[in-house]
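Peer 1: Handing you this structure, nothing more for now.
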Amino acid sequence: MKRAFHVFHRLAPRTLRGSLSLVALTTTTLLMTILTGVFNMVMDRHLQHQVDYELRNRAAAVATTVDTSGPRVRILETVNDRLLDANVWIYDRTRLLEKPPSATVRSPLTQAADRLAAQRKRICATVHGHRPVRLCSQHIAGRAAATVVTALDLAPYRSSADTLLLGSLILDVVMLGCTYALTRLSVGRALRPVRTMTDQATQWSAVGSAERFGTEDQPAELVRLGTSLDELLDRIRTVLRHEQQLTGELSHELRTPLARIIMELDWCRARPRTDAETRAAHEVIAEAAQSMRTICDTLLDDARENARNPATVPGTTDVVAALDRLLEQLDAPDQVKSALEPGAPMLEAGVAPALLERILSPLIANAVRYARSSVIVSAQRLPGSVRIDVVDDGPGVPETFVDDLFQPGRRADTGDGHDGAGLGLPLARRLARAVGGDVSYDPGHTPGARFTVSLPAG
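Each residue of the sequence shown is one higher than the one before, starting from 0 at the first, in numbering that gives the first Met the number 0.
Next comes the structure, spelled out in structure tokens:
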């Protein structure tokens, strides 16, 4: 049984076109078999009725030559007596008066005629011998009781029935072949738009194209398929965009700590160093490596949280302590001034420490990069939130670039000598908005630039 199932599974069509064609062929075969059987049954009954009608007409003609008005049955002689006597048996009650010249008393046909005459009613029967023969009896009432039995060879009728059966089978085979061919052709044409849509979806998904199928000029059956493919392409494009964004953000954020590691290694190879200098270099490398690890964890956690569409990221952070750590890592700490007075009450933001550093780091780094003489970082508590301002006295943001300031990969001046990739500010805003905050730019502040970070209070 299991082997037969495997054989059937291997022989089953591998394509939808083949499966639908096989289903259509199977259904048509079943229908044609039923119709052919019914047709031949009807034809057999029709031919039998024709035979019985012919036999009764012949029996009625013979009955006109039988006289039952007297006490005994008399057979009258007629002009067509030989034609009437062919395959005819005449009985006086059960006594055989006349039979066909070719039949004997003990032949199967004569015995079958005897049985029909004994019943004394209108009845027919078939004798199956070398050649099938149909017999019908007709009772003649009068003073004397007579019965006429006529016979007819069924071979010509059976030959006609066999010819009809063979013709219907040949017609069935031709129709099944045409049905299979037309079904494959029709299904192939019907599935052609699906194949085209599949190829287009494959091409569009590979490059994150904005092309979509839409619902116009599409058959009703393909509208739902097109809508589903469009939604899938939208998700794929979003995933690709997030992947590219995450890759760019990682490379942008990892550039600074990686540069510190490379610089320390270059200094180590440039000249012999004391043990204290070596330990200091190791500490710097370890700190940069830990910073890289924190950056990776923060961005990957944010990507996973975005995939789950969270409302908030848990955690609280001392804003003053986080700012102190960031200012210590800057290349020009003397240039940065903090507006937070020593001994001020603790100011907590409702975000994780690593996430707060990732939000503020690109803002402060940009301010230091473009400031002429000073950068001021201030923080204050507002009802339900914390506000952090980063202000520099640099040239500010050109008015023509304000609308593109937070677009990934966009820079106001690519030839300004800085190696930024235009990803820091978009990353800061995205991380802030992920926890219910925001990063904004004040275009009315002069001179220089002022960026404001608003975060939930801790």
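Even for Gly, the Cβ is constructed at its ideal location relative to N, Cα and C.
1. With 16 other CB atoms within 10 Å as the buried threshold, where does T149 fall?
2. Assuming L534 contacts A200 (C-beta within less than 8 Å), just tell me the rounded distance between them.
3. Taking DSSP as the reference, what is the three-state secondary structure of Q328?
4. How big is the Cα-Cα spacing for V312 and V350?
5. Buried or exposed for N86, going by 16 or more other Cβ atoms inside 10 Å?
6. Could you say which of L404, F450, I74 lies nearest to T64 if we only look at CA atoms?
7. Shortest alpha-carbon distance to V374 belongs to which of A364, L381, A180?
8. Can you tell me the Cα-Cα spacing of R71 and D91, whole angstroms?
9. Less than 6 Å between C-beta atoms, sequence neighbours within five positions excluded: which residues of the same chain meet that for A60?
10. Rounded to a whole number of angstroms, what is the C-alpha to C-alpha distance between G443 and T273?
11. Sorted by chain position, which residues of the same chain lie with C-beta nearer than 7 Å to D171's C-beta, five sequence neighbours on each side aside?
12. Which same chain residues, not among the five before or five after R380, have their C-beta less than 7 Å away from its C-beta?
13. Pull up the distance between the alpha-carbon of I387 and that of V283, whole angstroms please.
14. To the nearest angstrom, report how far apart A310 and L454 are at their CA atoms.
15. Rounded to the nearest angstrom, what separates V126 and A180 at their Cα positions?
16. Check the DSSP bridge columns for T316 and list the partner residues they point to.
17. Quick one: what does DSSP say F212 is sitting in, helix, strand or coil?
18. Considering only residues of the same chain and omitting the five flanking positions on each side of P192, which have a CB-CB separation below 7 Å?
19. When you compare the CB positions of L426 and L404, do they come within less than 8 Å of one another, or not?
20. Report the residue from S372, V389, N39 whose alpha carbon sits nearest the alpha carbon of S159.
21. How would you write the range of the beta strand (DSSP E) that R449 sits in, first residue to last?
22. Counting Cβ pairs, one atom from each stretch, are 3 or more of them under 8 Å apart for the region 181-190 and the region 14-21?
23. Measuring alpha carbon to alpha carbon, tell me which of G141, L163, K98, A58 ends up nearest C123.
24. State the DSSP-derived secondary structure class of Q379, mapped to helix, strand or coil.
25. If you drop the 5 nearest sequence neighbours on each side, which residues of the same chain put their C-beta closer than 7 Å to that of N308?
26. Do you know whose CA, among A140, R130, S372, V438, lies nearest S68's CA?
27. I need the boundaries of the alpha helix (DSSP H) containing H138, first residue and last residue.
28. Just the C-alpha distance for D441 and S377, rounded to the nearest angstrom, thanks.
29. What does the Cβ neighbour count give for Q137, buried or exposed, with the cut at 16 atoms within 10 Å?
30. Which of helix, strand or coil does DSSP assign to D392?
31. Within 10 angstroms of its Cβ, does V438 collect 16 or more other Cβ (buried), or is it exposed?
32. How about V50 and L151: do their beta carbons lie closer than 8 Å?
33. For A288, tell me which candidate among I260, D265, E276 has the shortest Cα-Cα distance.
34. State the Cα-Cα distance for the pair C177 and L165, rounded to the nearest angstrom.
Peer 2: Considering the structure as presented:
1. By the Cβ neighbour-count rule, T149 is buried, with 16 or more other Cβ atoms within 10 Å of its own.
2. The structure shown does not extend to residue 534, since the chain is modelled only from 0 to 457, so the question has no answer here.
3. Shown here, Q328 sits in coil according to DSSP, grouped into three states, outside any helix or strand.
4. Because V312 carries a pLDDT of 43, less than 50, the predicted location of this residue cannot be relied on, and the following value inherits that uncertainty. When the Cα atoms are used, V312 and V350 turn out to be separated by approximately 6 Å.
5. So N86 counts as buried.
6. Scanning L404, F450, I74 for the CA closest to the CA of T64 turns up I74.
7. Ranking the options by Cα distance to V374, first place goes to A364.
8. Rounded to the nearest angstrom, the two C-alpha atoms are 8 Å apart.
9. The beta carbon of A60 is closer than 6 Å to none in its chain, skipping five residues each way along the sequence.
10. So the two alpha carbons sit approximately 52 Å from each other.
11. Result list for D171: M31, T35, in chain order.
12. Closer than 7 Å at the Cβ level, and outside the excluded window around R380, lie L346, A456.
13. Distance between the alpha carbons of I387 and V283 is about 28 Å.
14. Unreliable positioning characterises A310 in this predicted model, as indicated by a pLDDT of 39, which lies under 50. A coordinate reading is not provided.
15. Distance from the CA atom of V126 to the CA atom of A180, rounded to whole angstroms, is 46 Å.
16. The partner list for T316 (beta bridge, DSSP) reads A348.
17. Reduced to three states, the DSSP call for F212 is coil.
18. Short of 7 Å from the beta carbon of P192, and not among the five residues preceding or following it, lie these beta carbons of its own chain, in chain order: L221.
19. The answer is no: Cβ separation not under 8 Å.
20. The shortest C-alpha separation from S159 is found at N39.
21. Counting along the chain, the beta strand (DSSP E) containing R449 begins and ends at 448-455.
22. Judged by Cβ distances under 8 Å, the region 181-190 makes contact with the region 14-21, as three or more pairs qualify.
23. Distance from the Cα of C123 is smallest, within the candidate group G141, L163, K98, A58, for A58.
24. Strand at Q379.
25. Residue placement at N308 cannot be trusted, given a pLDDT of 47 that sits under 50; what the coordinates show is reported in the next sentence. By the criterion of a C-beta distance shorter than 7 Å, N308 is surrounded by no residue of its chain, once the five residues flanking it on both sides are discounted.
26. Ranking the options by Cα distance to S68, first place goes to A140.
27. That residue, H138, is in no alpha helix (DSSP H); its beta strand (DSSP E) goes 132-139.
28. The C-alpha of S377 is placed about 15 Å away from the C-alpha of D441.
29. Here Q137 is buried, its C-beta having at least 16 other C-beta atoms within 10 Å.
30. In the structure shown, D392 sits in coil (DSSP, three-state: anything other than H, G, I, E or B).
31. Label assigned to V438: buried.
32. For V50 and L151, yes; Cβs fall inside 8 Å.
33. Per the Cα distances, I260.
34. Rounded to the nearest angstrom, the two C-alpha atoms are 18 Å apart.
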